[in-house]
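Below you'll find the structure, written out as structure tokens, and then a few comments.
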Amino acid sequence: LMANFAKKANVGPMAAVAGVLADLAVSDMINEDCEVAVVENGGEVSAMSNIPIDVMLSAGDISLSNFFCFRLTVFPIGIATSSGRFSHAFSFGEAEAATTFCKTAGLADAASTAVCNVVKGNKYSDAINRGIEIARSISDVDGVLIIYHDLIGTFGKIPQLIKVKSEK
């Protein structure tokens, strides 16, 4: 599974580990008749549910981090976020967040790595556009949201954005 997703995204197979593990766990939960199955594994989310689920985007100390969430209503869904700034994982890119949406978290994981890897440089809009082009080139990527230097770029279908209510 990891090798297949990595090949589609033109990255190494380790780029899909967390997403594939999340997918496998959700699959087991569904096989045990769970009606709501959600696994988050280091920024990768696999979900299958009969009710809407809200998933927050956390991207370090940027102003948009923890400010909004994605309302998930179409399942199955896989979400992955790669970051060149706020992650323990190595990235060739510099995006604060490169979040991809697919039917599986394994593909989303590999795709977000590929997208993040090209988002770099001082021409921020150009960098975001390079990431969007990579996302567009990977079959079965439904959408992408890229945050780079407080600019946002999107492509395709992304879940509804919901403002997170402040506790203050």
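According to my numbering, the residues represented by the sequence shown are 11 to 178, in order. The beta-carbon is built from N, C-alpha and C at its ideal position, and this holds for glycine as well.
Residue from the options with nearest C-alpha to residue i
i      : options                        : result
Ile148 : Lys133, Asn132, Asp160, Val125 : Val125
Gly131 : Ala115, Ala108, Tyr158         : Tyr158
Gly52  : Ala19, Ala105, Ala90           : Ala90
Ser59  : Leu67, Cys44, Ala13, Thr114    : Cys44
Ala35  : Val55, Ala105, Thr83, Ala145   : Val55
Lys173 : Phe77, Ile61, Asp64, Ala57     : Phe77
Asp150 : Thr114, Leu161, Asp33, Ala105  : Thr114
Residue i (DSSP reduced to helix, strand or coil)
i     : result
Phe15 : helix
Asn51 : strand
Ile89 : strand
Ile40 : helix
Val65 : strand
Val46 : strand
Beta-carbon separation (whole angstroms), residue i vs residue j, contact threshold 8 Å
i     : j      : result
Phe15 : Gly116 : 4 Å
Ala28 : Ala120 : 10 Å between Cβ atoms; not a contact.
For the region 97-171, which segments carrying the alpha helix (DSSP H) assignment without a break, of at least 4 residues, lie completely within its bounds, in sequence order?
List check, alpha helix (DSSP H) in window: 115-128, 134-147.
Is the number of C-beta pairs between the region 138-145 and the region 161-168 that are closer than 8 Å three or more?
yes
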